[in-house]
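Working notes, structure below.
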Amino acid sequence: MNAALAPPPSAPTPSETPTHYLNASYGFRSWLLTLDHKRIALLYLASITLFFFIGGFYAVLVRLELVTPAGDLMSAENYNTAFTLHGVVMIFFFLIPSIPAVLGNFLIPIMIGARDLAFPKLNLLSWYIYMVGGMVAAYALFTGGVDTGWTLYAPYSSTYSNSNVTATAIAAFITGFSSILTGLNFVVTIHKMRAPGLTWFRLPLFVWAHYATSVIQVLGTPVLAITLVLLILERSFGFGFFDPARGGDPVLFQHLFWFYSHPAVYIMILPSMGVISELVTCFSRKKVFGYGFIAMSSVAIAVLGFLVWGHHMFVSGQSVYAGMVFSILSFMVGIPSAIKVFNWTATMYKGSISYSTPMIYAFGFIGLFTIGGLTGLFLANLGLDIHLHDTYFVVAHFHYIMVGGAVMGYLGGIHYWWPKMTGRLYPEGWARFSALVLFVGFNLTFFPQFLLGYMGMPRRYHAYPEEFQVLNVMSSAGASILGVGYLIPMIYLFWSMRYGRLAPENPWGAKGLEWTTPSPPTTFNFDETPVVTEEAYEYVKEEKH
Amino acid sequence: MSDHSSHGSGLAHQFDDLDQQLDATTLGMWLFLAQEIMFFGGLFAAYTIYRNWHPEAFAEASHHLDIKLGGFNTVVLIFSSLTMALGVRAAQMGKNKAVFNYLFATFMLGNVFLVVKAFEYHHKWVEGLIPGPWFRFEGSTDPAVQMFFNLYFAMTGMHALHMIIGGGLLIYFMVQARKNRYHEGYYGPVEIMGLYWHFVDIVWIFLFPLLYLLGLHNS
Amino acid sequence: MWTGFPLFPEAASTIASGVDLLYLFLVVVSVVFSVGIFGAIFYFALRYQRKTQDEVPEPIHGSMILEITWSVVPFLILMVMFGWGTAVFFRNFHPPEGATEIFVTGKQWMWKLQHPEGQREINELHVPVGRAVKLTMATEDVIHSFYIPAFRVKKDVVPGMYTTMWFEPTKVGKYHLFCAEYCGNQHSGMIGTVYVMAPPDYEAWLAGAPRGETMSQAGERLFQRLGCHTCHAADRPGRGPVLEKVFGSTVLLADGKKVVADEMYLRESILRPGAKVVAGFKTQMPTFQGQISEEGLMQIIAYIKSLESKERTTTQ
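So the protein lines, in turn, are chains A, B and C.
With the working numbering applied, the first sequence corresponds to residues 1 to 545, in that order.
With the working numbering applied, the second sequence corresponds to residues 1001 to 1219, in that order.
With the working numbering applied, the third sequence corresponds to residues 2001 to 2316, in that order.
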């Protein structure tokens, strides 16, 4: 196993530290007014990490309360606030920006051989918008929180809740524009800034995944924005868009909400799939199996993702025929997802497989995403969803996708590109250990929830009948392991920024333009615009790094 | 949208040449407009559904809008699109003074629109047609008439907000024109400003018949 | 009775076994696919572990045959799942003829149930075993969702409309009733118990429960109190249409369209009289929005329904 830890062949000696994007300039101004996509990526990294731990704090509260059947640790108001803030913070302030805003921001220009994104000022503006949204969310949080669930269903949110719904809606509205502008920036960059010779079908799959994601961000997020505007008008100014007493319909809110929020799931998972494609090829040291199918399946998921929102409303009184259409389309999403999993697996066939930390995350991702995807079929199924809707089965399913999938991919990607981002190597032993802890903790936390769901435990329950306790205790125990699993990387990654071994240009022997730049790269990435002459992942025998 | 670096030519560092820069900013603006279409699309979807459910109530409520003022505003906006287009043309030819004048005309027409809109809103206020607890409506007892006014204020309000943002942008471009920034090789920002302005006008071209003319064929 | 460590819910309705069978099918498919994928990954990871630092394997570009296989085979399996699921759904969607009707009103944070014979319950529902029961449901405030896991049935209760669901219990016992759609502070307290009883026990319970007036009697009283009878007279068309035998009939509207006078139509006509006016009448009726509770509305509708069968008793 130690063979995977290659000694850095060409680490620069400390005496002749070259200029790179981190030491090009110093001081607060040089960071807060930076137009460098790599520095903006690090600004995002710091801020989403902060929000991740805030969201995690609320998850801890939720799991602690659910250790016992009675609602004894905190009041119902506080519990409802805790799970709502967990959802709002994790989704809008961590998962949606996570991979695109950190890894995408850092890597897309380098991967396509550009000096920066197409609109650097817009990129910085996105981060400021995100921070303003975050501050409004923090205001909502510190002035009593919000108790509607992240789904903000009317009329509870518009009329009945006494909590800070308006502030929360404004926070999500503002942050949405950060997401739109990031997506817009990526689409334009990928279209117009590719290096000579870098045709569409030579792009790394990471870039394809971000292209598909960005399209969803640009086209989906504004629908959430207008829905939140209507909600705010209804709640604060007495308009009645979703009020049946004035000819409105609360189910319309659900349609508008899910029109964005279902595709939003793909905003979270597609970039992660892009990361996994990079990891599997690099650590199998092999050309990806079925490049075109993986690339096109990202696009297919983005398109189909816009057509399945109604599967959240199988029991909301929508017509049977609408239910059938949404059901069959939801099943269809399973096919491009399955194609990806099969192609990743096939890439490993006859490869040269290294068990480096990022690959361990990739193994974890494929396993957990497979389970998450397959259990999604249960929920796309009209006959089964009647029973499973709004139970813990749903909670388990989307955590397998979003935590087992998106977060595993995010951490795998962070480890993979950490040497590039910081110029330092992390301690491999600790990293593998924490990846295993996360995998075990995750499964122990969320697998019992599938069983709870089929037994009928509804979600968002502060207190629950006694027969559900054993599984809930298992889940909470798993969550504590999971929490440790997140803290370890926090510590050693932070440590490695200062004390880690210096990273060479290409520590993994990987392909891709980002590995031809110094670690860390210079401010404008390349001294000369590179010319691309081969397809992605062209691993050949002669070449050695 | 675009990056105005210190280069005299207006070329930002991340681009190789002005053509690439113009291509990129134009694509960026079209994407932004796609985003805007989805934003207004949510409102139009709500309008379509509710009007289908309550055709009578919507038609009756529509009579309370002033077709003359709405029509006048439509003409004002069409003219402002014309002056905007002329402004873009002037920028392409590098005539900064003409750019300034046309953008100023566009700006003033936009203000006329907003002032008329403010009068209309005031009128609705006096009549008690603002949705909410104080809503009063003479005629139909169907509570769904209020839905029409919900949508009227949300749609025209969002449109007016876009007009106000457009006005702010116009001021910025007038200042740039005063500084003689534009020439045959560098006029992209004015062009994409033009795209935005035309988009906002087109939204109104849809809003006017849907909201104001709705009751006509029933009466 | 709910002790121990169960991993599977009780199945106590006619549809439960069908849902469970479908569930097991999906579980089996999932296990087969998971084991296949995990097995392949484990095998490849061990078999092709990197031996030397500079080894570079032969590239493989892909295989069209494999790609088509692993697109088409899952597609076919998914279509089986879809077809099966839809069949189960359809069977569970339409209530059988002659089901016992019970009316449900959700309210923060309780379930109120009315039997047509007049018995009323809160957070408890008594039903006989082996008889189909149809629920007509409304809410006084926010969205709730009526969920009985043991019966595998669930339906949202949505403001401004009636939703319906049905079940036929097959096993005597006590079962959980949950609210499944988050509805605020005491959401997890909006729970209750469904008692499935043997028919004789059920008859005994019906006889023993305080019943007061039937739903249609209560509805008739409301009908008089709100003055509905002044326009909707029994024998002649007054300012409003005659309501005898209107339920279930097809009504011609002023704009030439036709609607079936079901619960939803009656509800809408009481709350928003101008929406669908009967041909030959003018909109003169005031709205009763905010003046009748959802329970009251259900009673009035029960009364109008009862006018199919019996003559209206005239009270002066």
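All C-beta atoms, glycine included, are put in the ideal place defined by N, C-alpha and C.
Does the distance from the CB of residue i to the CB of residue j come in under 8 Å?
i	j	result
A:T391	A:M457	yes
A:A435	A:Y361	yes
B:G1166	A:G238	no
A:F415	A:T347	Inspection of the sequence shows that residue 415 of chain A is occupied by His rather than by Phe. Not in contact: A:H415 and A:T347 (Cβ atoms no closer than 8 Å).
A:P250	A:P155	yes
A:Y461	C:H2176	no
A:I180	A:A101	no
C:Y2048	A:K350	yes
B:Q1014	A:A118	yes
C:R2152	A:I269	no
A:L368	A:F283	no
Out of the options, point me to the one whose CA is closest to residue i's CA.
i	options	result
A:T37	A:T81, A:G27, A:L103 and A:A59	Looking at the sequence provided, one finds His at residue 37 of chain A rather than Thr. Minimum Cα distance to A:H37 is reached at A:L103.
C:G2280	C:A2150, C:S2306, C:Q2291 and C:V2251	C:V2251
A:R63	A:V484, A:A114, A:V308 and A:M474	A:M474
C:A2040	A:E534, A:V136, A:I174 and A:N343	A:N343
B:A1177	B:H1064, B:V1145, B:L1109 and B:K1095	B:K1095
A:V299	A:I54, A:G373 and A:V207	A:V207
C:I2143	C:V2127, C:G2130, C:W2109 and C:L2253	C:W2109
A:S319	C:F2075, C:F2093 and C:V2088	C:F2093
A:I226	B:F1208, B:F1135 and B:M1038	B:M1038
B:L1211	B:H1063, B:S1081 and B:I1192	B:H1063
A:Y410	A:M359, A:V89 and A:L444	A:M359
The beta strand (DSSP E) that contains residue i, what's its start and end?
i	result
A:I335	No beta strand (DSSP E) contains A:I335, which is instead part of the alpha helix (DSSP H) from V320 to M348.
C:S2145	H2144 to I2148
C:G2192	G2192 to M2197
C:D2156	V2153 to V2157
A:P504	Looking at the DSSP string, A:P504 is not in any beta strand (DSSP E), and its letter there is neither H nor E.
C:P2128	E2124 to P2128
C:C2179	G2173 to C2179
C:I2301	Here C:I2301 belongs to no beta strand (DSSP E); instead the alpha helix (DSSP H) covers E2294 to S2306.
Would you tell me roughly how many angstroms separate the C-alpha atoms of residue i and residue j, rounded to the nearest one?
i	j	result
C:T2164	C:S2216	19 Å
C:G2219	A:L152	36 Å
A:F28	A:I40	13 Å
C:L2073	B:L1169	Here residue 2073 of chain C turns out to be Val, not Leu, going by the sequence shown. Approximately 55 Å, taken between the alpha carbons.
A:L5	A:A503	With a pLDDT of only 43 at A:L5, under 50, the local geometry of the prediction cannot be trusted, and the value read off the model is given with reservation. C-alpha separation (whole angstroms): 12 Å.
A:Y79	A:Y139	19 Å
A:G183	A:V215	7 Å
A:H545	A:G509	Note that A:H545 scores a pLDDT of 47, beneath 50, so its modelled location is shaky; the value from the coordinates is reported in the next line. If I take the Cα positions, the gap works out to 6 Å.
A:G372	C:W2166	31 Å
C:D2156	A:P222	28 Å
A:R246	A:G240	6 Å
C:I2300	C:E2244	13 Å
B:L1151	C:K2276	22 Å
C:L2011	C:P2149	According to the sequence displayed, residue 2011 of chain C carries Ala and not Leu. Each residue's alpha carbon lies about 8 Å from the other.
A:A171	A:G134	7 Å
A:I546	A:L125	Past the edges of chain A, shown from 1 to 545, lies residue 546 of chain A, and the structure says nothing about it.
B:Y1047	B:A1154	10 Å
B:W1125	B:V1200	25 Å
C:P2286	B:S1080	47 Å
A:S163	A:T143	9 Å
List the whole-angstrom C-beta distance separating residue i from residue j, where the pair is believed to meet the contact cut-off of C-beta under 8 Å.
i	j	result
A:T529	A:P196	7 Å
C:E2295	C:Y2162	The pair is not a contact, with the Cβ atoms about 13 Å apart (cut-off 8 Å).
A:G412	A:F365	7 Å
A:L382	A:M455	Not a contact, Cβ separation roughly 21 Å.
A:K548	B:Q1020	The displayed coordinates of chain A run from 1 to 545. Any statement about residue 548 of chain A would go beyond what the structure contains.
Determine the extent of the alpha helix (DSSP H) in which residue i is found, giving its start and end residues.
i	result
B:M1155	V1145 to R1178
C:V2029	A2016 to R2047
C:F2008	Careful: C:F2008 lies outside any alpha helix (DSSP H) and carries neither H nor E.
C:T2137	Just to set this straight, residue 2137 of chain C is Met in the shown sequence, not Thr. Per DSSP, C:M2137 belongs to no alpha helix (DSSP H); it is in the beta strand (DSSP E), V2133 to T2139.
A:E256	Correcting the residue type first, residue 256 of chain A is Leu in the shown sequence and not Glu. Note, A:L256: alpha helix (DSSP H), P250 to S284.
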